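Trainee: My structure is below; once you've seen it, I'll send some questions.
In this note's numbering, the protein residues as written are 4 to 591.
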């Protein structure tokens, strides 16, 4: 299963110039999440400090007492390793961050995920002296590791400038979509003010500049490393990996774990002496103490581990919601009541139980992985498909379908990606329910993501055709969902042509999230935008569920918080607790 998800992730890597280009270039359905098309109106905020500033950033894991130091933790990666290059500015593979996310540093980092919050990285603090300038102050403790003939030395502002100059040079080249080069479209200059101060200048106010600096692949590389190793990074040799992070990559032990050792004296001092990071494993790996944690996706594995009462179980959201898309620029799906009927027929609680055994939560336009940014259950319950009672939703669905003339559509085809079905028997579950609730006119087809991509690009999920698809959508973009909402639903954005989006009141709500001068809290604006999207029938996208897996840990292992986003930068604060009663059973 994991290898299937890895290949799907590559197909669905977010961030194409347009959604149609994403489909053609990535050979898979990817809701484009960055530039291309017309952007929403830029903010004209002029007062300094419109972006969040930080004079004393919080620690990701604040603690009033020192934590134990030393030891080598044996961790679980979220997916199988699939590396393309160790060049952070050219990679399109999320699993590369299992290495570089620990050996390198970003200028800023996400400290919290369920309540999204940014914290210091290489930049210990930042401020906005004008609406088009961001000033970053580098941490004086930040050091390049060095490797071979490259000597360790402090990170300087000029290093950051050279890093971004390379980023701009690569911007015009063909890059993996996951690099999201369009995020830098409005950057005009990066300037070293002095040895530890950097200014980023933009041609318009950029409300998402901080999130860009904390992005998955926004890892800063030294000029010496680029010069020495740029042609070697596709050979995956550990000695070519020299960053400024809390760990150094030593080796991959055969087909087993990635092995890291701690780096002392930098800006993120790790508690551990080292890490071993494994691909997802089996229950016996944890029960035998060969690992300190195991991530389970098979409910049978979870049931086995629950028999060991000493283990700590925590849910972990997966990174790709289950969605459907509809072209709403022409019949039949320009009638939003038909789409609402389909949404209501597949009640989320019922669907979660039938498809995933309850291991998934209802998902609105913002997924529950973003915590309080997502609408809660009472708010979602006002819309078709989210009721507490599946039977009540079914009655609403049939009434909507009949009133909108759904029976006149004849056969409605639902395409399922071949990596999704028959894995979950989704075609029989989903189509069976639609036929039961709306009438016997739905049929299933199993297609590759490549075929689904082509059909979506050609408006064959609508545009006179009674069809849609059902499966994993693109990976979640970042913990704060504001940028993703704007890029996905704005009528002048990259998805407009592919989904058939037209100017509407939703655009006003979306534009409000780019307004740096707004006094309305960001969370409230995100909630209002989701309500507007759902009130409009979803604007061509129906979000169904976000799956959950389970992480099991021995109680002595205090690892990073669980999230579908990238958390490797927080491993510096993880530790092993020798006071735990289970710790003596752990082999050294």
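Note that CB positions come from ideal geometry on N, CA and C, so glycine has one too. Small disclaimer: the values here were computed from a predicted structure and weren't measured.
Skipping 5 residues on each side, what residues in its chain have a beta carbon closer than 7 Å to that of residue 546?
Mentor: Correct list, in chain order: 324, 326, 366, 367 and 368.
Trainee: Determine contact between the stretch 240-260 and the stretch 97-109, defined as no fewer than three beta-carbon pairs at a distance below 8 Å.
Mentor: Short answer: they touch.
Trainee: Check this for me: beta carbons of residue 283 and residue 347, under 8 Å apart or not?
Mentor: No. Outside cutoff.
Trainee: For residue 586, collect the residues of the same chain with a Cβ closer than 6 Å to its Cβ; drop the 5 residues on either side in sequence, then sort them by chain order.
Mentor: These residues qualify, in order along the chain: 559.
Trainee: Is the Cβ-Cβ distance between residue 198 and residue 160 less than 8 Å?
Mentor: Yes, the pair counts as a contact, with Cβ atoms nearer than the cut-off.
Trainee: For residue 533, is the classification buried or exposed, using 16 other Cβ atoms within 10 angstroms of its Cβ as the cut-off for buried?
Mentor: With 16 or more other Cβ atoms within 10 Å, it is buried.
Trainee: On the premise that residue 210 lies in contact with residue 373, defined as a C-beta separation below 8 Å, what is that separation, rounded to the nearest angstrom?
Mentor: That belief does not hold up - the Cβ atoms of residue 373 and residue 210 are roughly 17 Å apart, past 8 Å.
Trainee: Could you tell me the boundaries of the alpha helix (DSSP H) in which residue 525 lies?
Mentor: From DSSP, the alpha helix (DSSP H) with residue 525 extends over 525-538.
Trainee: In angstroms with no decimal places, state the Cα-to-Cα distance between residue 75 and residue 287.
Mentor: Going from the Cα of residue 75 to the Cα of residue 287 covers about 20 Å.
Trainee: For the stretch 547-566 against the stretch 405-417, do three or more pairs of beta-carbon atoms, one drawn from each stretch, fall closer than 8 Å, so that the two count as touching?
Mentor: With a cut-off of 8 Å, the stretch 405-417 and the stretch 547-566 do not count as touching, because too few Cβ pairs lie within range.
Trainee: Apart from the five residues just before and just after residue 403, which ones in its own chain have a Cβ nearer than 6 Å to its Cβ?
Mentor: Hits under 6 Å: 340, 343 and 344.
Trainee: Are residue 553 and residue 299 close, meaning C-beta to C-beta below 8 Å?
Mentor: Yes, the pair counts as a contact, with Cβ atoms nearer than the cut-off.
Trainee: Cα separation between residue 512 and residue 119?
Mentor: Rounded to whole angstroms, residue 512 to residue 119 spans 20 Å at the Cα level.
Trainee: Taking 8 Å as the threshold (C-beta atoms), are residue 333 and residue 466 in contact?
Mentor: Cβ distance < 8 Å, so residue 466 and residue 333 count as in contact.
Trainee: Would you please state the rounded distance, in angstroms, between the beta carbons of residue 78 and residue 279? I believe it to be under 8 Å.
Mentor: Indeed they touch by this definition, with Cβ atoms about 7 Å apart.
Trainee: Is the beta carbon of residue 178 sitting closer than 8 Å to the one on residue 93?
Mentor: It is a contact, given that the beta carbons lie within the stated cut-off.
Trainee: Applying the criterion that 16 or more other CB atoms from any shown protein chain within 10 Å of the CB defines a buried residue, is residue 502 buried or exposed?
Mentor: Buried.
Trainee: Between 295, 221, 363 and 187, which lies nearest to residue 95 when the distance is taken from Cα to Cα?
Mentor: Cα-wise, what sits closest to residue 95 is 221.
Trainee: Taking all protein chains shown into account, decide if residue 361 is buried (16 or more other Cβ within 10 angstroms of its Cβ) or exposed.
Mentor: Its Cβ having fewer than 16 others within 10 Å, residue 361 is exposed.
Trainee: Assess, as a yes-or-no matter, whether the stretch 229-247 is touched by the stretch 145-155 under the definition of 3 or more beta carbon pairs within less than 8 Å.
Mentor: Result yes; three or more Cβ-Cβ pairs closer than 8 Å.
Trainee: Report the CB separation of residue 548 from residue 351 in whole angstroms; it is logged as a contact under 8 Å.
Mentor: Confirmed, Cβ separation roughly 6 Å.
Trainee: Under 6 Å Cβ to Cβ from residue 531, same chain only, skipping five residues before and after it: list those, please.
Mentor: Only 512 meet the Cβ criterion.
Trainee: Once the 5 residues before and after residue 2 are set aside, which same chain residues still bring their CB inside 6 Å of it?
Mentor: Since the first and last residues shown for the chain are 4 and 591, residue 2 lies out of range.
Trainee: Are residue 200 and residue 191 closer than 8 Å when you measure CB to CB?
Mentor: Not in contact: residue 200 and residue 191 (Cβ atoms no closer than 8 Å).
Trainee: Which residue or residues does DSSP assign as beta-bridge partners of residue 79?
Mentor: Paired residue(s): 281.
Trainee: Kindly confirm or deny that the stretch 492-508 and the stretch 119-128 touch, where touching means at least three C-beta pairs closer than 8 Å.
Mentor: Verdict: no, contact absent.
Trainee: Would you kindly check if the distance between the Cβ of residue 193 and the Cβ of residue 556 is under 8 Å?
Mentor: Against a cut-off of 8 Å, the Cβ pair of residue 193 and residue 556 comes out as no contact.
Trainee: Start and end of the beta strand (DSSP E) containing residue 224?
Mentor: Where residue 224 is concerned, there is no enclosing beta strand (DSSP E), given that its DSSP letter is neither H nor E.
Trainee: Between the C-alpha atoms of residue 353 and residue 436, what's the straight-line distance to the nearest angstrom?
Mentor: For residue 353 and residue 436, the distance between alpha carbons rounds to 10 Å.
Trainee: First and last residue of the beta strand (DSSP E) that includes residue 252?
Mentor: Taken as a continuous stretch (DSSP letters only), the beta strand (DSSP E) holding residue 252 covers 250-255.
Trainee: Going by the DSSP bridge assignment, what does residue 593 pair with across the sheet?
Mentor: For the chain, the structure presents residues 4 to 591; residue 593 sits outside this window and is missing.
Trainee: Given a cut-off of 8 Å, decide if residue 493 and residue 518 are closer than it, judged by their beta-carbon atoms.
Mentor: No, these two residues do not count as a Cβ contact at 8 Å.
Trainee: Using 8 Å for Cβ pairs, my map puts residue 226 next to residue 162. What's the rounded Cβ distance?
Mentor: Rounded, the Cβ-Cβ distance is 6 Å, consistent with contact.
Trainee: Classify residue 70 as helix, strand or coil using the three-state DSSP reduction.
Mentor: In the structure shown, residue 70 sits in coil (DSSP, three-state: anything other than H, G, I, E or B).
Trainee: Are residue 112 and residue 462 close, meaning C-beta to C-beta below 8 Å?
Mentor: Not a contact, by the Cβ cut-off of 8 Å.
Trainee: How would you write the range of the alpha helix (DSSP H) that residue 103 sits in, first residue to last?
Mentor: Run containing residue 103: 100-106, per the alpha helix (DSSP H) assignment.
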